[in-house]
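K.L.:
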Amino acid sequence: MKTMIHSLLALIMMLGIHWSAHAADTDPDLLKVALLPDENASELIKRNQPLKDYLETTLGKEVELIVTTDYSSMIEAMRFGRIDLAYFGPLSYVMAKSKSDIEPFAAMVVDGKPTYRSIIIANADSGVGSFADIKGKKMAYGDRASTSSHLIPKTVLLEKAELEAGKDYEAHFVGSHDAVAVNVANGNADAGGLSEVIFEHVMDRGLIDRSKVKVLGYSGDFPQYPWALRSNLAPELKSNIQKAFLQIDDPEILDNLKAEGFAAITDEDYDVIRAMGGLLNLDFAKM
(Lines of atoms letter the chains of each structure in order from A and count residues from 1; the text may use other names and numbers.)
(Lines give C-alpha, C1' and ligand atoms only; values in the text may rest on other atoms or scores of the structure.)
Protein backbone atom coordinates (compact mmCIF):
# COMPACT_ATOMS: atom_id res chain seq x y z
CA MET A 1 0.00 0.00 0.00
CA LYS A 2 2.78 2.40 0.95
CA THR A 3 4.59 1.62 -2.29
CA MET A 4 1.43 2.44 -4.27
CA ILE A 5 0.96 5.73 -2.41
CA HIS A 6 4.58 6.72 -2.96
CA SER A 7 4.30 5.88 -6.64
CA LEU A 8 1.11 7.93 -6.93
CA LEU A 9 2.72 10.91 -5.19
CA ALA A 10 5.74 10.68 -7.47
CA LEU A 11 3.45 10.62 -10.52
CA ILE A 12 1.54 13.66 -9.26
CA MET A 13 4.78 15.53 -8.69
CA MET A 14 6.04 14.65 -12.16
CA LEU A 15 2.79 15.79 -13.75
CA GLY A 16 2.89 18.99 -11.72
CA ILE A 17 6.43 19.74 -12.84
CA HIS A 18 5.53 18.99 -16.46
CA TRP A 19 2.46 21.24 -16.30
CA SER A 20 4.23 24.14 -14.62
CA ALA A 21 7.07 24.05 -17.12
CA HIS A 22 4.74 24.11 -20.11
CA ALA A 23 1.79 26.15 -18.89
CA ALA A 24 3.65 29.45 -19.23
CA ASP A 25 2.33 31.88 -21.82
CA THR A 26 3.74 31.21 -25.30
CA ASP A 27 3.54 34.88 -26.29
CA PRO A 28 3.75 36.90 -23.06
CA ASP A 29 3.35 40.69 -22.99
CA LEU A 30 6.11 40.79 -20.37
CA LEU A 31 9.37 39.01 -21.15
CA LYS A 32 11.36 37.96 -18.11
CA VAL A 33 15.03 38.05 -19.03
CA ALA A 34 17.57 36.52 -16.64
CA LEU A 35 21.16 37.72 -16.56
CA LEU A 36 23.97 35.41 -15.51
CA PRO A 37 24.58 35.94 -11.75
CA ASP A 38 28.37 36.11 -12.03
CA GLU A 39 28.72 39.68 -10.77
CA ASN A 40 26.93 42.06 -8.39
CA ALA A 41 23.17 41.94 -9.14
CA SER A 42 22.38 45.66 -8.91
CA GLU A 43 25.41 46.48 -11.06
CA LEU A 44 24.33 43.95 -13.70
CA ILE A 45 20.79 45.31 -13.93
CA LYS A 46 21.96 48.92 -14.05
CA ARG A 47 24.58 48.15 -16.69
CA ASN A 48 22.11 46.28 -18.90
CA GLN A 49 19.36 48.92 -18.90
CA PRO A 50 20.24 49.80 -22.54
CA LEU A 51 19.66 46.15 -23.51
CA LYS A 52 16.28 46.24 -21.77
CA ASP A 53 15.30 49.41 -23.63
CA TYR A 54 16.46 47.96 -26.95
CA LEU A 55 14.52 44.70 -26.52
CA GLU A 56 11.36 46.55 -25.50
CA THR A 57 11.54 48.78 -28.57
CA THR A 58 12.51 46.02 -30.98
CA LEU A 59 10.12 43.33 -29.74
CA GLY A 60 7.23 45.60 -28.74
CA LYS A 61 7.04 44.01 -25.30
CA GLU A 62 7.80 44.92 -21.73
CA VAL A 63 11.04 43.45 -20.42
CA GLU A 64 11.98 42.68 -16.84
CA LEU A 65 15.65 42.04 -16.09
CA ILE A 66 16.22 39.42 -13.42
CA VAL A 67 19.35 38.33 -11.56
CA THR A 68 18.81 35.19 -9.50
CA THR A 69 20.73 34.45 -6.32
CA ASP A 70 22.92 31.87 -8.05
CA TYR A 71 23.21 29.64 -11.10
CA SER A 72 21.08 26.84 -9.64
CA SER A 73 18.12 29.12 -8.96
CA MET A 74 18.29 30.44 -12.53
CA ILE A 75 18.26 26.88 -13.86
CA GLU A 76 15.22 26.08 -11.73
CA ALA A 77 13.45 29.27 -12.78
CA MET A 78 13.89 28.31 -16.43
CA ARG A 79 12.83 24.74 -15.69
CA PHE A 80 9.50 25.89 -14.25
CA GLY A 81 8.82 28.58 -16.86
CA ARG A 82 9.34 31.52 -14.51
CA ILE A 83 11.73 33.18 -16.96
CA ASP A 84 11.48 33.35 -20.74
CA LEU A 85 15.06 33.78 -21.86
CA ALA A 86 18.34 33.74 -20.03
CA TYR A 87 22.03 34.38 -20.40
CA PHE A 88 23.71 31.16 -19.30
CA GLY A 89 27.26 30.01 -18.88
CA PRO A 90 28.00 26.98 -21.08
CA LEU A 91 27.90 24.58 -18.11
CA SER A 92 24.77 26.07 -16.55
CA TYR A 93 23.13 25.91 -20.01
CA VAL A 94 23.95 22.21 -20.35
CA MET A 95 22.60 21.62 -16.85
CA ALA A 96 19.43 23.58 -17.61
CA LYS A 97 19.00 21.75 -20.93
CA SER A 98 19.15 18.41 -19.11
CA LYS A 99 16.23 19.48 -16.93
CA SER A 100 14.03 21.61 -19.19
CA ASP A 101 12.93 22.21 -22.76
CA ILE A 102 15.06 25.16 -23.85
CA GLU A 103 17.18 26.07 -26.85
CA PRO A 104 20.19 28.34 -27.36
CA PHE A 105 19.87 31.01 -30.03
CA ALA A 106 22.86 33.37 -29.83
CA ALA A 107 26.32 33.71 -28.33
CA MET A 108 28.45 36.81 -28.15
CA VAL A 109 31.39 37.35 -30.46
CA VAL A 110 34.67 38.58 -28.95
CA ASP A 111 37.84 39.14 -30.97
CA GLY A 112 35.95 38.01 -34.05
CA LYS A 113 34.89 34.60 -32.73
CA PRO A 114 32.14 33.10 -30.50
CA THR A 115 34.63 31.48 -28.13
CA TYR A 116 36.42 32.42 -24.91
CA ARG A 117 39.04 31.24 -22.42
CA SER A 118 39.41 30.74 -18.70
CA ILE A 119 42.38 32.13 -16.84
CA ILE A 120 44.07 30.72 -13.76
CA ILE A 121 45.66 33.28 -11.46
CA ALA A 122 47.68 33.11 -8.25
CA ASN A 123 48.41 35.40 -5.35
CA ALA A 124 51.72 37.14 -6.03
CA ASP A 125 53.08 36.14 -2.59
CA SER A 126 51.69 32.61 -2.48
CA GLY A 127 54.76 30.87 -3.86
CA VAL A 128 52.61 29.46 -6.66
CA GLY A 129 54.37 29.91 -9.98
CA SER A 130 52.86 27.10 -12.05
CA PHE A 131 49.84 24.81 -12.16
CA ALA A 132 51.85 22.10 -10.37
CA ASP A 133 52.53 24.46 -7.45
CA ILE A 134 48.80 24.50 -6.63
CA LYS A 135 49.23 21.05 -5.06
CA GLY A 136 48.49 21.32 -1.35
CA LYS A 137 47.18 24.89 -1.77
CA LYS A 138 43.78 26.62 -1.67
CA MET A 139 42.09 27.07 -5.05
CA ALA A 140 39.13 29.45 -5.43
CA TYR A 141 36.30 28.74 -7.86
CA GLY A 142 33.15 30.78 -8.49
CA ASP A 143 29.82 28.95 -8.63
CA ARG A 144 29.64 25.16 -8.89
CA ALA A 145 27.61 25.57 -12.09
CA SER A 146 30.09 27.99 -13.64
CA THR A 147 31.98 26.92 -16.74
CA SER A 148 34.86 29.37 -16.79
CA SER A 149 35.31 29.70 -13.03
CA HIS A 150 34.85 26.01 -12.19
CA LEU A 151 34.51 23.38 -14.92
CA ILE A 152 37.23 24.63 -17.27
CA PRO A 153 39.96 25.54 -14.71
CA LYS A 154 39.30 22.32 -12.80
CA THR A 155 39.71 20.37 -16.05
CA VAL A 156 42.89 22.29 -16.92
CA LEU A 157 44.47 21.40 -13.58
CA LEU A 158 43.51 17.75 -14.03
CA GLU A 159 44.79 17.48 -17.60
CA LYS A 160 47.85 19.73 -17.40
CA ALA A 161 49.09 19.02 -13.87
CA GLU A 162 47.21 15.85 -12.86
CA LEU A 163 45.76 17.71 -9.88
CA GLU A 164 42.41 16.50 -8.57
CA ALA A 165 40.20 18.78 -6.48
CA GLY A 166 39.73 17.59 -2.91
CA LYS A 167 42.65 15.19 -3.23
CA ASP A 168 45.57 17.31 -4.36
CA TYR A 169 44.31 20.75 -3.37
CA GLU A 170 41.49 22.45 -1.46
CA ALA A 171 38.64 23.71 -3.64
CA HIS A 172 36.65 26.66 -2.30
CA PHE A 173 33.54 28.10 -3.98
CA VAL A 174 33.21 31.85 -3.48
CA GLY A 175 30.18 32.52 -5.70
CA SER A 176 31.28 34.77 -8.54
CA HIS A 177 34.18 35.54 -10.86
CA ASP A 178 35.01 38.88 -9.26
CA ALA A 179 34.95 37.20 -5.83
CA VAL A 180 37.56 34.73 -7.11
CA ALA A 181 39.85 37.58 -8.15
CA VAL A 182 39.34 39.43 -4.85
CA ASN A 183 39.98 36.33 -2.72
CA VAL A 184 43.18 35.54 -4.60
CA ALA A 185 44.40 39.15 -4.41
CA ASN A 186 43.65 39.29 -0.67
CA GLY A 187 45.46 36.02 0.02
CA ASN A 188 42.33 34.18 1.13
CA ALA A 189 43.10 31.72 -1.68
CA ASP A 190 46.45 30.85 -3.21
CA ALA A 191 45.05 30.55 -6.73
CA GLY A 192 41.78 30.77 -8.59
CA GLY A 193 40.04 30.27 -11.91
CA LEU A 194 37.73 32.65 -13.75
CA SER A 195 36.78 34.02 -17.15
CA GLU A 196 39.59 35.90 -18.89
CA VAL A 197 37.13 38.60 -20.01
CA ILE A 198 35.78 39.12 -16.50
CA PHE A 199 39.29 39.12 -15.04
CA GLU A 200 40.26 41.97 -17.36
CA HIS A 201 37.00 43.74 -16.48
CA VAL A 202 37.77 43.39 -12.76
CA MET A 203 41.22 44.85 -13.37
CA ASP A 204 39.86 47.74 -15.44
CA ARG A 205 37.39 48.61 -12.68
CA GLY A 206 40.18 48.65 -10.11
CA LEU A 207 38.56 46.04 -7.87
CA ILE A 208 41.94 44.52 -7.15
CA ASP A 209 45.55 45.67 -7.24
CA ARG A 210 47.15 44.21 -10.38
CA SER A 211 50.44 43.74 -8.50
CA LYS A 212 48.75 41.36 -6.05
CA VAL A 213 48.06 38.65 -8.63
CA LYS A 214 49.91 36.88 -11.43
CA VAL A 215 48.65 34.87 -14.36
CA LEU A 216 49.59 31.16 -14.35
CA GLY A 217 48.04 30.28 -17.68
CA TYR A 218 45.02 30.00 -19.92
CA SER A 219 42.66 27.31 -21.10
CA GLY A 220 41.93 26.52 -24.73
CA ASP A 221 39.00 28.11 -26.56
CA PHE A 222 35.46 27.09 -25.60
CA PRO A 223 32.03 28.08 -26.96
CA GLN A 224 30.84 31.41 -25.61
CA TYR A 225 28.11 31.94 -23.04
CA PRO A 226 24.76 31.21 -24.75
CA TRP A 227 21.50 33.06 -24.63
CA ALA A 228 18.68 30.51 -24.47
CA LEU A 229 14.88 30.68 -24.50
CA ARG A 230 11.90 28.52 -23.65
CA SER A 231 11.22 26.15 -26.54
CA ASN A 232 7.47 26.55 -26.08
CA LEU A 233 7.50 30.26 -26.91
CA ALA A 234 5.61 31.11 -30.09
CA PRO A 235 7.76 30.44 -33.21
CA GLU A 236 7.45 34.03 -34.45
CA LEU A 237 8.50 35.39 -31.06
CA LYS A 238 11.50 33.05 -30.93
CA SER A 239 12.55 34.18 -34.39
CA ASN A 240 12.14 37.86 -33.47
CA ILE A 241 14.18 37.42 -30.29
CA GLN A 242 17.05 35.79 -32.17
CA LYS A 243 16.98 38.47 -34.87
CA ALA A 244 17.00 41.18 -32.22
CA PHE A 245 20.20 39.81 -30.70
CA LEU A 246 21.94 39.12 -34.00
CA GLN A 247 21.24 42.69 -35.12
CA ILE A 248 22.53 44.48 -32.00
CA ASP A 249 25.03 47.10 -33.11
CA ASP A 250 24.66 49.70 -30.37
CA PRO A 251 28.18 50.24 -28.93
CA GLU A 252 26.85 50.87 -25.42
CA ILE A 253 24.83 47.66 -25.32
CA LEU A 254 27.69 45.61 -26.73
CA ASP A 255 30.24 47.19 -24.38
CA ASN A 256 28.04 46.42 -21.38
CA LEU A 257 27.80 42.81 -22.54
CA LYS A 258 31.57 42.72 -23.24
CA ALA A 259 30.78 41.70 -26.83
CA GLU A 260 31.49 42.81 -30.38
CA GLY A 261 28.26 41.29 -31.62
CA PHE A 262 26.30 38.03 -31.60
CA ALA A 263 26.36 34.85 -33.68
CA ALA A 264 23.72 32.14 -34.08
CA ILE A 265 24.42 28.90 -32.20
CA THR A 266 22.89 25.44 -31.68
CA ASP A 267 22.78 22.92 -28.87
CA GLU A 268 25.46 20.80 -30.59
CA ASP A 269 27.99 23.58 -30.06
CA TYR A 270 28.00 22.65 -26.37
CA ASP A 271 28.79 18.95 -26.77
CA VAL A 272 32.38 19.83 -25.84
CA ILE A 273 31.10 20.95 -22.43
CA ARG A 274 29.27 17.66 -22.02
CA ALA A 275 32.49 15.81 -22.87
CA MET A 276 34.40 17.82 -20.26
CA GLY A 277 31.76 16.98 -17.69
CA GLY A 278 32.25 13.33 -18.51
CA LEU A 279 35.97 13.67 -17.81
CA LEU A 280 35.12 14.95 -14.32
CA ASN A 281 32.35 12.35 -13.87
CA LEU A 282 29.66 15.01 -13.56
CA ASP A 283 25.94 14.16 -13.75
CA PHE A 284 24.47 17.39 -15.14
CA ALA A 285 20.89 16.46 -14.24
CA LYS A 286 21.81 16.01 -10.58
CA MET A 287 24.02 19.07 -10.15
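In case it helps, mature numbering (1 follows the signal peptide of the UniProt record, and there is no 0) puts the sequence shown at residues -23 to -1, 1 to 264.
Quick reminder that beta carbons are idealized off the backbone N, C-alpha and C, glycines included.
Quick check on Pro5: does DSSP put it in helix, strand or coil?
P.N.:
Along the sequence shown, one-based indexing puts residue 5 at 28. It is coil, neither helix nor strand.
K.L.:
Does the region 8 to 15 touch the region 56 to 75, meaning 3 or more C-beta pairs lie closer than 8 Å?
P.N.:
Output reads yes: the region 8 to 15 touches the region 56 to 75.
K.L.:
Using only CA atoms, which one of Val161, Ile175, Pro130 lies nearest to Asn17?
P.N.:
Here the question's residue 17 lines up with position 40 in the sequence shown. The shortest C-alpha separation from Asn17 is found at Ile175.
K.L.:
Should Ala101 be counted as a contact of the ligand GTP given a C-beta to heavy atom distance under 6 Å?
P.N.:
Absent from the structure shown: the ligand GTP. Ligands present: none.
K.L.:
If you compare alpha carbons, which of Ser188, Val105, Tyr93, Val71 is closest to Asp244?
P.N.:
Taking the first residue of the sequence shown as position 1, residue 244 is located at position 267. If we check each option's Cα against that of Asp244, Val71 comes out closest.
K.L.:
With contact counted as at least three CB pairs below 8 Å, one residue from each stretch, are the region 177 to 195 and the region 100 to 108 in contact?
P.N.:
They touch, by the three-pair rule.
K.L.:
Check whether the region 228 to 242 and the region 40 to 60 touch, using three or more Cβ-Cβ pairs below 8 Å as the test.
P.N.:
As far as the Cβ criterion goes, the region 228 to 242 does not touch the region 40 to 60, which means the pair count is below three.
K.L.:
By the DSSP assignment, the alpha helix (DSSP H) with Leu42 in it spans what residues?
P.N.:
Stepping through the sequence shown from its first residue, residue 42 is reached at position 65. Segment 39 to 43 is the beta strand (DSSP E) holding Leu42; no alpha helix (DSSP H) there.
K.L.:
Report back the beta-carbon spacing between Lys29 and Leu42 to the nearest angstrom; my notes put them in contact at under 8 Å.
P.N.:
Position 52 of the sequence shown, counted from the first residue, corresponds to residue 29. Position 65 of the sequence shown, counted from the first residue, corresponds to residue 42. Indeed they touch by this definition, with Cβ atoms about 5 Å apart.
K.L.:
Roughly how many angstroms lie between the CA atoms of Ile79 and Leu135, to the nearest whole one?
P.N.:
Counting from 1 along the sequence shown, the entry for residue 79 is found at position 102. Counting from 1 along the sequence shown, the entry for residue 135 is found at position 158. Taking the straight line from one Cα to the other gives about 31 Å.
K.L.:
At which residues does the beta strand (DSSP E) containing Arg207 begin and terminate?
P.N.:
The sequence position of residue 207 within the sequence shown is 230, counting from 1. 203 to 207 is the extent of the beta strand (DSSP E) around Arg207.
K.L.:
Which residues share a DSSP beta bridge with Leu62?
P.N.:
Taking the sequence shown and counting its residues from 1, one reaches residue 62 at position 85. Answer by DSSP bridge pairing, in chain order: Val10, Leu206.
K.L.:
Leaving aside the five residues before and after Pro130 along the sequence, list all residues of the same chain whose C-beta is less than 6 Å from its C-beta, in chain order.
P.N.:
On the sequence shown, residue 130 is found 153 positions in, with the first residue counted as 1. Once the five neighbours on either side are set aside, the close Cβ partners of Pro130 are Ser95, Ile97, Gly170.
K.L.:
Express the C-alpha separation of Pro212 and Asp155 in angstroms, rounding to a whole number.
P.N.:
Residue mapping note: residue 155 aligns to position 178 of the sequence shown, counting from 1. Residue mapping note: residue 212 aligns to position 235 of the sequence shown, counting from 1. Cα to Cα, Asp155 sits roughly 37 Å from Pro212.
K.L.:
Taking just the CA atoms, how far does Lys112 sit from Leu140?
P.N.:
By one-based count along the sequence shown, residue 140 stands at place 163. By one-based count along the sequence shown, residue 112 stands at place 135. Computed Cα separation, rounded: 7 Å.
K.L.:
Considering Cα atoms alone, identify which of Met253, Pro228, Ala241 is closest to Asn25.
P.N.:
Here the question's residue 25 lines up with position 48 in the sequence shown. Closest option to Asn25, Cα to Cα, is Pro228.
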